[in-house]
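Enquirer: My questions all concern the structure below.
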Amino acid sequence: MSEVAVVQQIDALEAEGLGSTKRETLVELLPRPLPTALTAAELTEYARRVRNLALFDFVSVTIDGRVLHVRVRRKATISPTVDFSSGKTLRDSKITLGLTENDIDGRGTRLGGKASYSERGLNFAVWMNQHPYGPRRWMNELEVFYAGSGFRFEGDASKWHRNRFGGFVEFLSPFLYGRHWRYELQVEAYRETYTYVDTPHALRSGTYAGVVSELIWDRYSWNDLTPNGARLTLEVKPGVFLGAAEPRHEALVKALGALKLGEATALVAFGKIAAVNGGNVNHSLLIGSQQGVRGLSDSLHRGAKVGFANLELRHALSLGKRWYLQGVLFTDAARFQPMDARGDATPWVNAWSTGAGVRILPTALVDTLLRFDVARLHAPNGSWFYQLGITQYI
0 MSEVAVVQQI DALEAEGLGS TKRETLVELL PRPLPTALTA AELTEYARRV
50 RNLALFDFVS VTIDGRVLHV RVRRKATISP TVDFSSGKTL RDSKITLGLT
100 ENDIDGRGTR LGGKASYSER GLNFAVWMNQ HPYGPRRWMN ELEVFYAGSG
150 FRFEGDASKW HRNRFGGFVE FLSPFLYGRH WRYELQVEAY RETYTYVDTP
200 HALRSGTYAG VVSELIWDRY SWNDLTPNGA RLTLEVKPGV FLGAAEPRHE
250 ALVKALGALK LGEATALVAF GKIAAVNGGN VNHSLLIGSQ QGVRGLSDSL
300 HRGAKVGFAN LELRHALSLG KRWYLQGVLF TDAARFQPMD ARGDATPWVN
350 AWSTGAGVRI LPTALVDTLL RFDVARLHAP NGSWFYQLGI TQYI
């Protein structure tokens, strides 16, 4: 008999270890209201969705008679957002301070705010995100942001600072059981201005308005140590810059994959291919050490076409009491076409690095660890790179 054909009647759900997370949150993750019948495949998918809330570092789902028993070990949900990632130079380091409540309403909704220094500029954001795993209703994400970014170029003394203040609202479709695809629609607007301008090239302020249409194939099972599965994202972002009646479109493909090789060993990979319409470097894609290839200069390479991939082999050793020491071997590679200060395309560039790292990982905290990576950049030039961070690179 196939796994899908095994059906068990469920009349009630009992939960243990939820803390302030509401039992109804787990009930809403079921494919249908109680009472219902679940197939073995649906039961497996249900357990995956509970784990992917990222609120628990232990999840057990069993059936006793007609009662579904969910036992979890809850993480500390109020977490400081203290992120640091060194860059190629001190000015290119990334520092973030903030606070996130990862379960503000007992239903897995995250409310957070942060201020950061990145891309050689100050940034801030405030957001409220509902989780994307509900199978029977639409979810929402809201964010207001200010994003500052410093521009500089190889072989050109031009420089300026780009400022964006705006926000977006996003609608997440019900994530139906038996269908691995889900859909998200975002409406975004921001005001763009420039300061500290030192360039002969014309810069025009204005307002951007656009939408993001996102299709996601999700079979990824989250775990602090051994994630498994895959997630594929397709995005189309049509938009217009009203100050100059300038089209600002973007299309991208992202893929995240992981293979569990043992109880504490996993192979994790991430890849991204993206393109924007060219002609204005203020509408471009940025690649560097902090996202792309460890060892590549940050806040420098902006292009209309970018592709990169990261691969990590991770193995963890238990230090006791929900603490782990994780060793990592990695390689990063990219190919991109930079723009100059005028927005014209320049020759394609290949980048590649290899390296190793170590993480100190407390599984009692949400999305927090201490990371140290050492990378050797082989192309476009040879150099060593050292990076500190408090989140996983991928």
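Each residue of the sequence shown is one higher than the last, beginning at 0 in numbering that gives the first Met the number 0. From the three backbone atoms N, C-alpha and C, an ideal C-beta is built for every residue, glycine too.
State the Cα-Cα distance for the pair Gly-242 and Gly-319, rounded to the nearest angstrom.
Expert: Numbered from its first residue, the sequence shown carries residue 242 at position 243. Numbered from its first residue, the sequence shown carries residue 319 at position 320. The alpha-carbon atoms of Gly-242 and Gly-319 are separated by roughly 58 Å.
Enquirer: Given a cut-off of 8 Å, decide if Asn-128 and Ala-146 are closer than it, judged by their beta-carbon atoms.
Expert: If you number the sequence shown from 1, residue 146 lands on position 147. If you number the sequence shown from 1, residue 128 lands on position 129. Not closer than 8 Å, so no.
Enquirer: Please report how far the alpha carbon of Tyr-116 lies from the alpha carbon of Glu-191, in whole angstroms.
Expert: The residue given as residue 116 occupies position 117 in the sequence shown. The residue given as residue 191 occupies position 192 in the sequence shown. Using only the alpha carbons, I get a separation of about 18 Å.
Enquirer: For Leu-121, list the residues DSSP reports as bridge partners.
Expert: Numbered from its first residue, the sequence shown carries residue 121 at position 122. Paired residue(s): Tyr-116.
Enquirer: What is the DSSP secondary structure of Ala-46, reduced to helix, strand or coil?
Expert: Taking the first residue of the sequence shown as 1, we reach residue 46 at position 47. In the three-state reduction of the DSSP assignment, Ala-46 falls in the helix class.
Enquirer: Rounded to a whole number of angstroms, what is the C-alpha to C-alpha distance between Gly-111 and Glu-262?
Expert: Indexing the sequence shown from 1 puts residue 111 at position 112. Indexing the sequence shown from 1 puts residue 262 at position 263. Going from the Cα of Gly-111 to the Cα of Glu-262 covers about 33 Å.
Enquirer: Count the other CB atoms, across all protein chains shown, that sit within 10 Å of the CB of Tyr-392; report buried if there are 16 or more and exposed otherwise.
Expert: One-based indexing of the sequence shown puts residue 392 at position 393. Tyr-392 comes out buried.
Enquirer: Excluding five sequence neighbours on each side, which residues of the same chain lie with their C-beta closer than 6 Å to the C-beta of Gly-18?
Expert: Indexing the sequence shown from 1 puts residue 18 at position 19. Hits under 6 Å: Arg-73.
Enquirer: For Gly-154, count the other beta carbons within 10 Å of its own beta carbon; 16 or more makes it buried, fewer makes it exposed. Which is it?
Expert: Residue numbering aside, residue 154 sits at position 155 when the sequence shown is read from its first letter. It counts as exposed.
Enquirer: How many Å lie between Ala-188 and Thr-194 at the Cα?
Expert: Walking along the sequence shown from the start, residue 188 turns up at place 189. Walking along the sequence shown from the start, residue 194 turns up at place 195. Using only the alpha carbons, I get a separation of about 20 Å.
Enquirer: Quick one: Cα of Ala-36 to Cα of Arg-50, how far?
Expert: Taking the sequence shown and counting its residues from 1, one reaches residue 36 at position 37. Taking the sequence shown and counting its residues from 1, one reaches residue 50 at position 51. For Ala-36 and Arg-50, the distance between alpha carbons rounds to 21 Å.
Enquirer: What are the partner residues of Leu-98, as DSSP defines its beta bridges?
Expert: One-based indexing of the sequence shown puts residue 98 at position 99. According to DSSP, which records beta bridges pairwise, Leu-98 is partnered with Pro-79 and Gly-112.
Enquirer: Can you tell me which of Ala-308, Arg-163, Gly-105 and Ala-39 puts its alpha carbon nearest to the alpha carbon of Gly-205?
Expert: Position 206 of the sequence shown, counting from 1, holds the residue named residue 205. Checked all of Ala-308, Arg-163, Gly-105 and Ala-39; the closest Cα to Gly-205 is Arg-163.
Enquirer: Could you have a look at Arg-90 and say whether DSSP puts it in helix, strand or coil?
Expert: The residue labelled residue 90 in the question sits at position 91 within the sequence shown. When DSSP states are grouped into helix, strand and coil, Arg-90 belongs to the helix group.
Enquirer: Spatial neighbours of Pro-131 within its chain, please: CB distance less than 7 Å, with the 5 preceding and 5 following residues excluded, ordered by chain position.
Expert: Translated into the one-based positions of the sequence shown, residue 131 becomes position 132. Result list for Pro-131: Met-138, Leu-171, Phe-174 and Arg-181, in chain order.
Enquirer: Around the Cβ of Tyr-207, are there at least 16 other Cβ atoms within 10 angstroms (buried) or fewer (exposed)?
Expert: Numbered from 1 along the sequence shown, position 208 holds the residue referred to as residue 207. Tyr-207 should be labelled buried.
Enquirer: Please state the DSSP three-state secondary structure of Leu-25.
Expert: As a working note, residue 25 is residue 26 in the sequence shown. Residue state, collapsed to three classes: helix.
Enquirer: Taking the alpha-carbon positions, what's the Pro-30 to Gln-7 distance?
Expert: On the sequence shown, position 31 is the one that residue 30 refers to. On the sequence shown, position 8 is the one that residue 7 refers to. The alpha-carbon atoms of Pro-30 and Gln-7 are separated by roughly 13 Å.
Enquirer: Could you spell out where the beta strand (DSSP E) holding Lys-304 opens and where it closes?
Expert: Here residue 304 corresponds to residue number 305 of the sequence shown, with the count starting at 1. Run containing Lys-304: 300-319, per the beta strand (DSSP E) assignment.
Enquirer: Report the residue from Ala-254, Leu-328, Phe-307 and Gln-336 whose alpha carbon sits nearest the alpha carbon of Ala-315.
Expert: Locating residue 315 in the sequence shown gives position 316, counting from the first residue. Among Ala-254, Leu-328, Phe-307 and Gln-336, the Cα nearest to that of Ala-315 is on Leu-328.
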